[in-house]
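Protein chains: 2
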Amino acid sequence: MAPAHWRHYPPLDLPPILRGALEVFTARGYHGSSVRELATHAGVTVPGLYYHYPSKQAILVALLDACVGELLSRAGAAHDEAAPTPRARFTNIVESIVLTVTHRSALTVLDSELRYLEPESRRHYAAARKQLENLLLGVVRAGHQSRTFDVSSPEDTTRALLGMFQAIVTWYDPAGPLTPPEIATRYRTIALHTVGATEAQR
Amino acid sequence: MAPAHWRHYPPLDLPPILRGALEVFTARGYHGSSVRELATHAGVTVPGLYYHYPSKQAILVALLDACVGELLSRAGAAHDEAAPTPRARFTNIVESIVLTVTHRSALTVLDSELRYLEPESRRHYAAARKQLENLLLGVVRAGHQSRTFDVSSPEDTTRALLGMFQAIVTWYDPAGPLTPPEIATRYRTIALHTVGATEAQR
DNA sequence: CTTTGTTGACTTAACGGTCGCTAAAGTAAC
DNA sequence: GTTACTTTAGCGACCGTTAAGTCAACAAAG
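Top to bottom, those sequences are chains A and B.
For the first sequence, the positions run 309 to 510 when this note's numbering is used.
For the second sequence, the positions run 309 to 510 when this note's numbering is used.
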C-alpha cells in the first residue's frame, strides 16, 4: 500500500472493476456514466459488478479513497524528508502535490465529482483536503514568520496555491510533451515566486 | 448587453428558464439534472421548455454563452482602461477576472461541465478561453521583457494564474464574509507576487 | 474415492421508475 | 386567422438495482 518513496509512482494497482470505472468516470463524469458502461468496460456483467460493490456511488467512493490517501501520505513524507527549513519543506510539498496531480491525473479529475457524494462521504474528503491545506499552511506561516517568505496573508496564499495545483488537471495531457517531473519543476519555481522567495536565495 | 463599466456587476438579467436552469445545473450538475427539474424550477412545463430551447444541451450552451462573453469583454475593457504599463494592465485584468469569477460564481461553476458538451460547442469555448489566456499572456510577456516582472516562463506563469483564479469558485460562498472586491484585492497582491512584482514598487 | 453440502463468483432475466423528448390539441392576443 | 405559447398525455429507451439460478472449487461425511 505505502509507496517505497514519495517521488516514485508505480502504475496504479487497482482491481479491474475500479480500473475500468476510473476510465469511464473520467471520460463521462459520475452522472454521465451508467452502471452498464462500467460493467462492460470492466469485462463483467452488471450484477457481477454489484457482487463486488453495493452501489454505483460505492465505486466512486472506493476510487476517491485510493486517491486522497495517497496525496496526503506522499505530501506528509515529502515534508518530513525535507531539511527543517520552510523553503526546503515548501518545495518538497509542492513537488509532491504536483507529481501526484499529474501521475494520478485520472484520479484527480474525479475531485470535481466530489460534490455529488452523499454528505457523509463528502465530509470525509473535505476533512482530508483540509489536512493537506493545513500542512502547507503551516510551512507558509513558518516562512512568513521567519521572513524567509514574503506573503501578505499565509491563509489566502495557501488557498491560492492549492487551487493553482488542482487546476493543472484541466490542461495536463499524459500523452503530451511535458512529463510530471518537468511540470513539478516549473511549478516549484512559480510557487516560490508566489510566496516571495526567489530562486536565487539559498 | 454591454455593462456600463467592467467593475460594475448588475444582477444577472436572464430569461426565467435560464435563471432556473442555472440554479439546477449549479446544484446537481448537467447530467444530474433532469429536464423536468429544469422546467418546474422555471415555472413552466416540459414542452414549454422545449418551445424555447431545442434540447437540454442547448440550455447549457445558452448559459455558457452568457458567461464566456462577459468574462472576455470585461477583461478586455479592464486592459484597455489601464495605464499603458504592464503592471497597471496586469492588475486591472486580474481584478476583472476575479470580480467576474465571484460575482458570476454560479455561471463559473458550469465551466467544469464544459467537457460534456458536443465537440463543436466545446471548441468554441476552448477558443474563448484561449483568447483570455492570450490577453493575460501578452501583458505578462511585456512585463517580462521590460523587466517589470520577474518570471521564469510567461507561458507557464499565465496558465498557473488562470488556474488559480478559476479555482476560487471551489471555495467561494456568496453568503460568506468575503465580498468580491475584497477577494479581488487579495488575489491582486498574490498575483503580483507570482509575477515577481512586489507591492512596494510603483 | 465417492458423495454431499457449502461457499464464492457470476449469470440470465427482469423490476419499477425516470430519462430526454414530442405529437396533438388548446388558449389568449393581435 | 395567424402567431406565440401552453397544456395533456405519452413515446421508447435507458436508469440503478435485484431476485433467482448456474457452476466451479473445496471440505466434510460416508
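The C-beta atom is built at its ideal place from N, Cα and C for all residues, glycine as well.
What you are looking at is a predicted structure, and each value in this text was computed from that prediction instead of being measured.
Legend entry - Cut-off 7 Å between Cβ atoms - residues of its own chain near A/Thr408, not counting five sequence neighbours on either side: Position 100 of the first sequence, counting from 1, holds the residue named residue 408 of chain A. Taken in chain order, the residues that qualify are Glu378, Leu379, Arg382.
Legend entry - chain B contacts from the stretch 470-491 of chain A (Cβ-Cβ distance under 9 Å): Leu470, Gly471, Met472, Phe473, Gln474, Ala475, Ile476, Thr478, Trp479, Ile491
Inset, instruction - Could you check what DSSP says for B/Val406 in three-state terms: helix, strand or coil? - result: What you label residue 406 of chain B is simply residue 98 of the second sequence in a count that begins at 1. Here B/Val406 sits in helix by DSSP.
Legend entry - CB contact below 7 Å: A/Gly451 versus chain B: Stepping through the first sequence from its first residue, residue 451 of chain A is reached at position 143. Taking Cβ atoms only, chain B never reaches closer than 7 Å to A/Gly451, which makes this a no.
Legend entry - chain A contact residues for B/Ala495, given Cβ-Cβ distances below 9 Å: Within the second sequence, the letter at position 187 stands for residue 495 of chain B. Checking the sequence shown, residue 495 of chain B turns out to be Tyr, not Ala. Asp464, Ala468, listed in chain order.
Legend entry - B/Asp321 to B/Ala350 span [Cα, whole Å]: Against the second sequence, residue 321 of chain B aligns to sequence position 13. Against the second sequence, residue 350 of chain B aligns to sequence position 42. Straight-line Cα distance between these residues: approximately 14 Å.
Legend entry - Residue from A/Asp464, A/Gly484, A/Val447, A/Val459 with nearest C-alpha to B/Gly260: Outside the shown range of chain B, which is 309 to 510, sits residue 260 of chain B, and nothing can be said about it.
Legend entry - Alpha-carbon spacing of A/Thr255 relative to A/Gln474, whole angstroms: Any answer about residue 255 of chain A is impossible in this case: the structure gives chain A only from 309 up to 510.
Legend entry - Neighbourhood of B/His360 by C-beta distance below 8 Å, restricted to the same chain and skipping five residues each side: Residue numbering aside, residue 360 of chain B sits at position 52 when the second sequence is read from its first letter. Cβ neighbours of B/His360 beyond the five flanking positions: Pro323, Ile325.
Legend entry - Residue of A/Pro394, A/Ser420, A/Arg467, A/Leu486 minimising C-alpha distance to A/Gln439: Here residue 439 of chain A is taken as the residue at index 131 of the first sequence, counted from 1. Minimum Cα distance to A/Gln439 is reached at A/Arg467.
Inset, instruction - State the Cα-Cα distance for the pair A/His316 and B/Leu444, rounded to the nearest angstrom. - result: As a first step, residue 316 of chain A must be located in the first sequence, where it is residue number 8. As a first step, residue 444 of chain B must be located in the second sequence, where it is residue number 136. Rounded to whole angstroms, A/His316 to B/Leu444 spans 35 Å at the Cα level.
Legend entry - Given 8 Å, three or more beta-carbon pairs between the stretch 324-338 of chain A and the stretch 410-429 of chain A: yes
Legend entry - DSSP-derived helix/strand/coil call for B/Pro426: As a working note, residue 426 of chain B is residue 118 in the second sequence. At residue 426 of chain B the sequence reads Glu, which differs from the Pro that was named. Three-state result, B/Glu426: coil.
Legend entry - Residues from the stretch 399-418 of chain A in contact with chain B, defined by Cβ distance under 8 Å: none
Inset, instruction - Using a Cβ cut-off of 9 Å, pull out every chain A residue sitting near B/Thr502, in sequence order please. - result: As a working note, residue 502 of chain B is residue 194 in the second sequence. Those are Ala468, Met472, Ile498, Ala499, His501, Thr502, listed as they occur along chain A.
Legend entry - is_contact[B/His339, chain A] using C-beta, thresh 7 Å: On the second sequence, position 31 is the one that residue 339 of chain B refers to. It does; some Cβ of chain A falls within 7 Å.
Legend entry - Close Cβ partners of A/His339 (< 8 Å) along its chain, the five nearest in sequence each way excluded: One-based indexing of the first sequence puts residue 339 of chain A at position 31. If we look at A/His339 and ignore the five residues flanking it on each side, its Cβ neighbours are Tyr424.
Legend entry - Interface residues of the stretch 427-452 of chain B facing chain A [CB-CB below 9 Å]: none
Inset, instruction - Check A/Arg412 in the structure and name its three-state DSSP category. - result: The residue you call residue 412 of chain A lines up with position 104 of the first sequence. Residue state, collapsed to three classes: coil.
Legend entry - Segment contact, 8 Å Cβ cut-off, at least three pairs: the stretch 425-432 of chain A with the stretch 489-500 of chain A: no
Legend entry - Sub-7 Å separation of B/Pro462 and B/Val448 beta-carbons: Here residue 462 of chain B refers to the residue found at position 154 when the second sequence is read from its first residue. Here residue 448 of chain B refers to the residue found at position 140 when the second sequence is read from its first residue. Yes, Cβ-Cβ distance for B/Pro462 and B/Val448 is below 7 Å.
Legend entry - Inter-residue spacing [alpha-carbon to alpha-carbon] between A/His313 and A/Asp388: Residue mapping note: residue 313 of chain A aligns to position 5 of the first sequence, counting from 1. Residue mapping note: residue 388 of chain A aligns to position 80 of the first sequence, counting from 1. Between A/His313 and A/Asp388, the C-alpha separation is close to 12 Å.
Inset, instruction - Specify the secondary structure class of B/Val343 as computed by DSSP and reduced to three states. - result: The residue you call residue 343 of chain B lines up with position 35 of the second sequence. If DSSP states are grouped into helix, strand and coil, B/Val343 belongs with the helices.
Inset, instruction - Under 9 Å between beta-carbons, which chain A residues line up against B/Ser460? List them in chain order, please. - result: Residue mapping note: residue 460 of chain B aligns to position 152 of the second sequence, counting from 1. What B/Ser460 touches in chain A: Arg494, Thr497, Ile498, His501, Glu507.
Legend entry - Cβ neighbours of B/Val343 in the same chain (closer than 7 Å, five flanking residues each side left out): Start at 1 with the first residue of the second sequence, and residue 343 of chain B comes out as number 35. Only Val354, Leu357, Lys364 meet the Cβ criterion.
Legend entry - Nearest residue (CA-CA) to B/Ala374, options B/Tyr480, B/Leu330, B/Thr487, B/Glu428: Position 66 of the second sequence, counting from 1, holds the residue named residue 374 of chain B. Per the Cα distances, B/Leu330.
Legend entry - Proximity to B/Thr487 [Cα-Cα], best of B/Val406, B/Arg455, B/Pro392, B/Leu500: Translated into positions along the second sequence, residue 487 of chain B becomes position 179. Residue B/Val406 is the option with its Cα nearest to B/Thr487.
Inset, instruction - Check A/His501 in the structure and name its three-state DSSP category. - result: On the first sequence, residue 501 of chain A is found 193 positions in, with the first residue counted as 1. In this structure, A/His501 counts as helix in the three-state DSSP scheme.
Inset, instruction - Check whether the Cβ of B/Ser454 lies closer than 7 Å to any Cβ atom in chain A. - result: Start at 1 with the first residue of the second sequence, and residue 454 of chain B comes out as number 146. No, B/Ser454 lies away from the interface with chain A (no Cβ there is under 7 Å from its Cβ).
Legend entry - Candidates B/Val369, B/Val402, B/Leu371: closest to B/Ala385 by CA position: Within the second sequence, the letter at position 77 stands for residue 385 of chain B. Out of B/Val369, B/Val402, B/Leu371, B/Val402 has the C-alpha closest to the C-alpha of B/Ala385.
Legend entry - Neighbouring residues, chain A, relative to B/Ser521 (Cβ below 8 Å): This structure does not reach residue 521 of chain B, given that chain B is present from 309 up to 510, and the question cannot be answered.
Inset, instruction - Using three-state DSSP, classify A/Tyr361 as helix, strand or coil. - result: The count along the first sequence starts at 1 and reaches residue 361 of chain A at position 53. Looking at A/Tyr361 - three-state DSSP - the assignment turns out to be coil, as it is neither helix nor strand.
Legend entry - Exposure of B/Gly328, with buried meaning 16 or more beta-carbon neighbours within 10 Å: Residue numbering aside, residue 328 of chain B sits at position 20 when the second sequence is read from its first letter. Classification for B/Gly328: buried.
Legend entry - Inter-residue Cα distance where the pair is B/Ile367 and A/Thr393: Indexing the second sequence from 1 puts residue 367 of chain B at position 59. Indexing the first sequence from 1 puts residue 393 of chain A at position 85. Straight-line Cα distance between these residues: approximately 52 Å.
Legend entry - 8 Å contact criterion, which A/Thr456 and A/Arg395 should meet: CB distance rounded: In the first sequence, counting from the first residue as 1, residue 456 of chain A sits at position 148. In the first sequence, counting from the first residue as 1, residue 395 of chain A sits at position 87. With a Cβ gap of about 6 Å, A/Thr456 and A/Arg395 count as contacting.
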